[in-house]
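Following our numbering, the numbering of the sequence shown begins with 4 at its first residue and continues without gaps.
For glycine and all other residues, C-beta sits at the position ideal for the given N, C-alpha and C.
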Amino acid sequence: MYIKELSLQDFRSYEQLDITLANGINIFKGDNAQGKTNILESIYLCATARSHRTHKEKEIIRWDKDCAHVKLRIKKKHIEDTIDFHLSQKSKSALINKMPIGKLGELFGCLNIVMFSPEDLQLIKNSPKERRRFLDIELCQIDKLYYYALRQYSKVLKQRNLALKEFFKQKDYSMLDVWDMQLEEYANTVITKRVAFIEELNQIAKEIHADISGKKEELEIIYMPSVDAESFREKMLKYREKDILYQTTSIGPHRDDLKFLINGMDVKTYGSQGQQRTVVLAMKLAELKIMKKYIGEEPILLLDDVLSELDEKRQTDLFKYTENTQTLITCTGIEQSVWNTQKIGKLYNVTKGIVKPQNNI
Ligand SMILES: Nc1ncnc2c1ncn2[C@@H]1O[C@H](COP(=O)(O)OP(=O)(O)OP(=O)(O)O)[C@@H](O)[C@H]1O
Ligand SMILES: [Mg+2]
Numbered sequence: 004m005y006i007k008e009l010s011l012q013d014f015r016s017y018e019q020l021d022i023t024l025a026n027g028i029n030i031f032k033g034d035n036a037q038g039k040t041n042i043l044e045s046i047y048l049c050a051t052a053r054s055h056r057t058h059k060e061k062e063i064i065r066w067d068k069d070c071a072h073v074k075l076r077i078k079k080k081h082i083e084d085t086i087d088f089h090l091s092q093k094s095k096s097a098l099i100n101k102m103p104i105g106k107l108g109e110l111f112g113c114l115n116i117v118m119f120s121p122e123d124l125q126l127i128k129n130s131p132k133e134r135r136r137f138l139d140i141e142l143c144q145i146d147k148l149y150y151y152a153l154r155q156y157s158k159v160l161k162q163r164n165l166a167l168k169e170f171f172k173q174k175d176y177s178m179l180d181v182w183d184m185q186l187e188e189y190a191n192t193v194i195t196k197r198v199a200f201i202e203e204l205n206q207i208a209k210e211i212h213a214d215i216s217g218k219k220e221e222l223e224i225i226y227m228p229s230v231d232a233e234s235f236r237e238k239m240l241k242y243r244e245k246d247i248l249y250q251t252t253s254i255g256p257h258r259d260d261l262k263f264l265i266n267g268m269d270v271k272t273y274g275s276q277g278q279q280r281t282v283v284l285a286m287k288l289a290e291l292k293i294m295k296k297y298i299g300e301e302p303i304l305l306l307d308d309v310l311s312e313l314d315e316k317r318q319t320d321l322f323k324y325t326e327n328t329q330t331l332i333t334c335t336g337i338e339q340s341v342w343n344t345q346k347i348g349k350l351y352n353v354t355k356g357i358v359k360p361q362n363n364i
């Protein structure tokens with residue numbers, strides 16, 4: 004798939020922006036703070052209903068305005084879809100092909116993206132929350148059942164935690180079994196799907212990683228579930244007293260993590276910065292491949308300022324793996340590796356929120 008047209012209205016620094024994109028490499032070049040990442044953020048928002056850089060989506064709305072809009076026209080193998088995303092001070096909503104959607108989760112799968120930004124280079128070092136977020140965004144895009152189970156799990160978890168606080172006051176825990184039964188059902192789906200996905204991710208990322216590292220290093224991605232599906236009920240009972248005491252749910256998929264090993268060594272603790280970057284790059288490329296397998300076409304790749312963070316060999320590797328993929332790149336200067344691909348579809352100069360196509364590259 005690829006994005007043919009993008010329009011923004013009162014979206015961060017853009018009062019109005021209308022651009023057409025090439026089905027190939029699109030470069031957004033400009034100095035710092037000119038509005039390059041804002042463009043990628045708008046696409047990310049349409050794919051996931053979230054921003055990749057803030058939890059407070061209200062910040063996206065252009066200062067002094069009430070709402071922000073993003074419109075995308077997406078060309079797929081056999082059809083064309085449009086997404087209209089609307090963000091107001093109070094709510095988010097969207098239309099797919101002009102039809103309002105009931106739940107924003109319906110956006111998952113309508114537009115499939117893989118984003119790679121400088122923050123991702125910290126994926127290994129950062130907290131488990133970031134690694135769970137990586138897992139969830141990927142899985143939600145390819146598996147509706149996962150999205151549904153995760154949503155329900157989060158809802159029940161919230162209710163259980165609230166109930167724990169209430170029970171604490173009233174000293175009555177009779178309802179806990181009801182919450183636990185529901186939690187178990189959704190946790191089972193989430194854990195089982197995470198197991199299967201990480202197995203596949205590990206297999207593919209391992210191969211890509213071996214290629215990038217010149218077959219010198221072997222990567223292993225290991226799922227570290229807080230509790231496995233089979234022993235969920237038993238463990239919940241075991242931890243009940245603790246949960247009551249701390250008034251929160253101490254085990255479950257909301258506490259899962261991932262571990263990365265290179266030749267058996269824990270990358271988080273012992274890996275060099277370069278090794279960590281290579282692992283993240285291999286994961287992102289594996290993500291592209293897995294997504295393509297599940298959706299039956301190429302997803303869209305968003306590269307926010309990452310090229311300058313990778314050495315020339317890794318940049319070249321990245322382009323080797325992303326042929327035929329619509330790629331949007333933001334940068335302050337064009338890297339040699341990009342010139343080398345000779346497949347630049349469109350080049351835009353971004354200055355103070357004005358995006359101008361540059362015709363002769
Ligand atoms: N809600 C908003 N309303 C208006 N302008 C905003 C809003 N949010 C951010 N901006 C402006 O957008 C600009 C930042 O845009 P963006 O993050 O896309 O920059 P960039 O070109 O990617 O820069 P860099 O190269 O440093 O990453 C800043 O000038 C900021 O003031
Ligand atoms: Mg930026």
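Task: Classification of residue 342 by the beta-carbon crowding that lies within 10 angstroms, buried from 16 upward - done: In the sequence shown, residue 342 corresponds to position 339, counting from 1. By the 10 Å Cβ count, residue 342 comes out exposed.
Task: residue 208 in three-state terms, based on DSSP - done: For this step, residue 208 is matched to residue 205 along the sequence shown. Helix.
- [ ] Evaluate residue 349 with the Cβ neighbour count: other Cβ atoms within 10 Å of its Cβ, from every protein chain shown; 16 or more gives buried, anything less gives exposed.
- [x] Numbered from its first residue, the sequence shown carries residue 349 at position 346. Classification for residue 349: buried.
Open item on the list: If I measure Cβ to Cβ from residue 52 and keep anything under 6 Å in the same chain, skipping five residues before and after, which residues do I get?
Closed with: Numbered from its first residue, the sequence shown carries residue 52 at position 49. Here the set comprises 107, 110.
TODO: If I'm right that residue 196 touches residue 249 with Cβ under 8 Å, what's the distance once you round it to whole angstroms?
DONE: In the sequence shown, residue 196 corresponds to position 193, counting from 1. In the sequence shown, residue 249 corresponds to position 246, counting from 1. Their Cβ separation, rounded to whole angstroms, is 28 Å, which puts residue 196 and residue 249 out of contact at 8 Å.
TODO: Report the option in 207, 361, 340 whose CA atom is closest to the CA atom of residue 295.
DONE: Start at 1 with the first residue of the sequence shown, and residue 295 comes out as number 292. Answer by Cα proximity: 207.
Task: the region 259 to 273 touching the region 221 to 238, judged by at least three CB pairs closer than 8 Å - done: yes
TODO: Look at residue 315 and residue 340 and say whether their C-beta atoms are less than 8 Å apart.
DONE: As a position in the sequence shown, residue 315 is number 312, starting the count at 1. As a position in the sequence shown, residue 340 is number 337, starting the count at 1. In contact: residue 315 and residue 340 (Cβ atoms closer than 8 Å).
TODO: Over the uninterrupted alpha helix (DSSP H) stretch that includes residue 294, give me the two end residues.
DONE: If you number the sequence shown from 1, residue 294 lands on position 291. Run containing residue 294: 276 to 298, per the alpha helix (DSSP H) assignment.
Open item on the list: Which residues does DSSP list as the beta-bridge partners of residue 200?
Closed with: Residue mapping note: residue 200 aligns to position 197 of the sequence shown, counting from 1. According to DSSP, which records beta bridges pairwise, residue 200 is partnered with nothing at all.
Open item on the list: Which same chain residues end up closer than 7 Å to residue 91 when comparing Cβ atoms and leaving out the 5 residues on each side of it in sequence?
Closed with: Translated into the one-based positions of the sequence shown, residue 91 becomes position 88. Only 69, 70 meet the Cβ criterion.
- [ ] Specify, as a first and last residue, the run of the beta strand (DSSP E) that residue 2 falls within.
- [x] Outside the displayed span of the chain (4 to 364) sits residue 2, for which this structure offers no information.
TODO: Could you name the residues of the same chain whose beta carbon sits closer than 6 Å to that of residue 39, not counting the 5 residues immediately before and after it, in chain order?
DONE: Numbered from its first residue, the sequence shown carries residue 39 at position 36. Counting only Cβ-Cβ distances below 6 Å, and skipping sequence neighbours, we find 31, 33, 333, 353.
TODO: Would you kindly check if the distance between the Cβ of residue 65 and the Cβ of residue 13 is under 8 Å?
DONE: Within the sequence shown, residue 13 is the residue found at index 10, counting from 1. Within the sequence shown, residue 65 is the residue found at index 62, counting from 1. Yes, these two residues count as a Cβ contact at 8 Å.
Open item on the list: Considering only DSSP beta bridges, list what residue 9 is partnered with.
Closed with: Position 6 of the sequence shown, counting from 1, holds the residue named residue 9. Partner(s): 22, 75.
Open item on the list: Tell me the residue span of the alpha helix (DSSP H) that contains residue 49.
Closed with: As a first step, residue 49 is located in the sequence shown; it is residue number 46 there, counting from the start. Residue 49 -> alpha helix (DSSP H) spans 39 to 51.
Open item on the list: Assess contact between the region 71 to 82 and the region 120 to 136, defined as three or more Cβ pairs (one per stretch) separated by less than 8 Å. Is contact present?
Closed with: no
Open item on the list: With DSSP as the reference, identify every bridge partner of residue 359, one or two as the case may be.
Closed with: Reading the sequence shown from its first residue, position 356 is the one you call residue 359. According to DSSP, residue 359 bridges with 352.
TODO: For residue 57, name the three-state secondary structure that DSSP assigns.
DONE: Here the question's residue 57 lines up with position 54 in the sequence shown. Correct three-state label for residue 57: coil.
Task: First and last residue of the uninterrupted alpha helix (DSSP H) at residue 239 - done: One-based indexing of the sequence shown puts residue 239 at position 236. Unbroken alpha helix (DSSP H) run through residue 239: 235 to 241.
Open item on the list: Considering only the alpha carbon of each residue, which of 307, 49, 119, 173 lies closest to residue 337?
Closed with: On the sequence shown, residue 337 is found 334 positions in, with the first residue counted as 1. Comparing Cα positions, the closest option is 307.
Open item on the list: Considering only their Cβ atoms, is the gap separating residue 95 from residue 60 smaller than 8 Å?
Closed with: Reading the sequence shown from its first residue, position 57 is the one you call residue 60. Reading the sequence shown from its first residue, position 92 is the one you call residue 95. Contact flag set, yes.
TODO: Inspect the beta-carbon positions of residue 72 and residue 89 and report whether they are closer than 8 Å.
DONE: Reading the sequence shown from its first residue, position 69 is the one you call residue 72. Reading the sequence shown from its first residue, position 86 is the one you call residue 89. For residue 72 and residue 89, yes; Cβs fall inside 8 Å.
Task: residue 278 burial status per 10 Å Cβ neighbour count (16 or more: buried) - done: Translated into positions along the sequence shown, residue 278 becomes position 275. By the 10 Å Cβ count, residue 278 comes out buried.
- [ ] Please report the Cβ distance between residue 289 and residue 211, rounded to the nearest whole angstrom; I am assuming they are in contact, meaning their Cβ atoms lie under 8 Å.
- [x] Residue mapping note: residue 289 aligns to position 286 of the sequence shown, counting from 1. Residue mapping note: residue 211 aligns to position 208 of the sequence shown, counting from 1. With a Cβ gap of about 6 Å, residue 289 and residue 211 count as contacting.
Open item on the list: Quick check on residue 181: buried or exposed, where buried means 16 or more other Cβ atoms within 10 Å of its Cβ?
Closed with: Here residue 181 refers to the residue found at position 178 when the sequence shown is read from its first residue. It is exposed - the Cβ of residue 181 has fewer than 16 other Cβ atoms within 10 Å.
TODO: Look at the alpha carbon of residue 42 and the alpha carbon of residue 247, and state the distance between them as a whole number of angstroms.
DONE: As a working note, residue 42 is residue 39 in the sequence shown. As a working note, residue 247 is residue 244 in the sequence shown. Spanning the two alpha carbons is a distance of roughly 46 Å.
TODO: Note down the Cα distance separating residue 331 from residue 304, rounded to an integer number of angstroms.
DONE: Translated into positions along the sequence shown, residue 331 becomes position 328. Translated into positions along the sequence shown, residue 304 becomes position 301. Straight-line Cα distance between these residues: approximately 6 Å.
Task: According to DSSP, residues forming a beta bridge with residue 188 - done: Position 185 of the sequence shown holds residue 188. For residue 188, which the question treats as bridged, DSSP gives no partner whatsoever.
Task: Quiz: which residues have CB nearer than 5 Å to ligand 1 non-hydrogen atoms - done: Those residues, listed in chain order, are 15, 16, 35, 36, 37, 38, 39, 40, 41, 65, 66.
TODO: Within its chain, find whatever has a CB closer than 8 Å to the CB of residue 254; leave out the 5 residues flanking it on each side and keep chain order.
DONE: Locating residue 254 in the sequence shown gives position 251, where the first residue counts as 1. Contacts found: 229, 230, 238, 239, 242.
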